[in-house]
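Peer 1: Dropping the structure in here first, questions after.
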Amino acid sequence: MPAVAKLMNMKGHNGLLPCRMCKITAVHSPEERGSYVPLNRARFPLQEGQQPSHNPLNLSLYEHASMLHKAKQVSNAASNAELNCLARDSGMKGVSIWRHLGSIVWPTSFPLDFMHLIFKNIAPLLLKLWMGKHPLCKEDAGFVIPANIWSAIALQVGESGATIPGAFGCRVPHLLLKQHEFTAEAWMLWLTQLAPVVMSGRFEGRAYYTHLVKLSHCVTQCLSFSHPPGFVDNLCKALAEWVVEYEQLYS
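Numbering (this note's numbering), first residue to last: 449 to 699.
In structure tokens:
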């Protein structure tokens with residue numbers, strides 16, 4: 449995401465407007481230094497003009513003409529102070545060199561990176577939450593699984609490669625001892641094939657497992673070679689529902 453933000457000459461994930469597709473604004477947690485883009489902002493201090501909540505299916509999206517107009521305004525700023533103010537409020541740092549290619553449509557010519565968003569971000573994040581290793585985890589959280597159970601799960605995952613044909617993908621490393629060896633493919637196999645099996649019955653509340661299976665199902669559908677009519681609309685609704693449930697379960 450930072451690399452694409454540079455190509456588009458945008459502020460990127462650390463800006464007030466971190467998304468390159470929609471105009472959702474970031475909020476800051478009193479306990480953490482980073483910025484976040486939750487749908488429900490009830491737990492965060494809001495700046496003037498920020499909405500207390502957002503509908504994931506009705507976000508205000510960027511348009512080609514408006515993005516270029518904002519970029520030109522920033523580039524034509526009369527002073528550094530005006531430039532910084534315009535850049536902060538628009539998310540644009542100026543006109544990108546890619547503007548000179550007539551085939552480029554903003555922002556759709558810069559799609560989101562499925563691999564990093566899902567397999568190098570969400571999948572590891574969920575694992576950290578379940579292991580109680582996330583900075584915001586509480587010891588009594590219903591989704592934190594005890595260490596002795598994780599030892600059994602990790603052993604089960606590590607031994608699974610001996611009975612799963614290589615045609616299904618790479619051997620998934622030991623979850624506790626070799627997590628640094630996880631590639632995007634390993635995270636994909638963990639999320640779509642192994643987690644729905646080895647995580648069954650592990651949580652105190654059934655809702656956490658159901659939530660995991662919903663994500664696994666969505667990712668599996670995305671990786672299919674063919675899609676039925678209405679697939680995109682149904683997927684959008686399913687993922688929007690998943691995000692809303694995530695905030696309810698883990699916040």
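We treat Cβ as the ideally placed atom computed from N, Cα and C, and that holds for glycine.
The structure displayed is predicted, hence computed values, not measured ones.
Assuming leucine 697 and serine 664 make a contact with CB atoms under 8 Å, what is their CB distance in whole Å?
Peer 2: So it is not a contact: roughly 16 Å between Cβ atoms.
Peer 1: Whole angstroms are fine: how far does the CA of lysine 568 sit from the CA of glutamine 604?
Peer 2: Cα-Cα distance, rounded: 22 Å.
Peer 1: What three-state label does DSSP hand leucine 494 in the structure shown?
Peer 2: In the structure shown, leucine 494 sits in coil (DSSP, three-state: anything other than H, G, I, E or B).
Peer 1: Whole angstroms is fine: what's the gap from isoleucine 552's alpha carbon to serine 648's?
Peer 2: Rounded to the nearest angstrom, the two C-alpha atoms are 46 Å apart.
Peer 1: Could you check whether phenylalanine 630 and phenylalanine 591 sit closer than 8 Å to each other, using their CB atoms as the reference points?
Peer 2: No, the pair does not count as a contact, with Cβ atoms beyond the cut-off.
Peer 1: Residue ranges of each beta strand (DSSP E) run of no fewer than 3 residues wholly in the stretch 450-478, ordered along the chain?
Peer 2: DSSP runs (the beta strand (DSSP E)) wholly in the stretch 450-478: none.
Peer 1: With H, G and I counted as helix, E and B as strand and the rest as coil, what does DSSP make of leucine 516?
Peer 2: Leucine 516: helix per DSSP, three-state reduction.
Peer 1: I think glycine 460 touches methionine 449, with their Cβ atoms under 8 Å apart; what is that distance to the nearest whole Å?
Peer 2: At roughly 7 Å, the Cβ-Cβ gap stays under 8 Å, so glycine 460 and methionine 449 are in contact.
Peer 1: Residues in its own chain within less than 6 Å of glycine 539 by CB, not counting five upstream and five downstream?
Peer 2: These residues qualify, in order along the chain: Met458, Lys459, Gly463 and Leu465.
Peer 1: Spell out the partners DSSP gives methionine 540 in its beta bridges.
Peer 2: Paired residue(s): Met458.
Peer 1: Quick check: the stretch 468-476 against the stretch 570-579, are at least 3 beta-carbon pairs closer than 8 Å?
Peer 2: No, the stretch 570-579 does not touch the stretch 468-476.
Peer 1: Just tell me which of Leu516, Ser523, Gln521 and Asn524 has its CA closest to the CA of leucine 549.
Peer 2: Nearest C-alpha to leucine 549: Leu516.
Peer 1: Output the boundary residues of the alpha helix (DSSP H) element that contains threonine 611.
Peer 2: Threonine 611 -> no alpha helix (DSSP H), and no H or E assigned at all.
Peer 1: So is glutamine 505 buried or exposed if we call it buried at 16+ other beta carbons inside 10 Å?
Peer 2: Strictly speaking, residue 505 in this sequence is leucine, with glutamine absent from that position. Leucine 505 comes out exposed.
Peer 1: Does DSSP put asparagine 524 in a helix, a strand or coil?
Peer 2: Correct three-state label for asparagine 524: coil.
Peer 1: Under 8 Å between the Cβ atoms of leucine 623 and isoleucine 597?
Peer 2: No.
Peer 1: Grab the span of the alpha helix (DSSP H) containing tryptophan 638 for me, first residue to last.
Peer 2: It is not in any alpha helix (DSSP H) - tryptophan 638 carries neither H nor E in the DSSP assignment.
Peer 1: Could you give the first and the last residue of the continuous alpha helix (DSSP H) run that contains methionine 563?
Peer 2: Counting along the chain, methionine 563 falls outside any alpha helix (DSSP H), and DSSP gives it neither H nor E.
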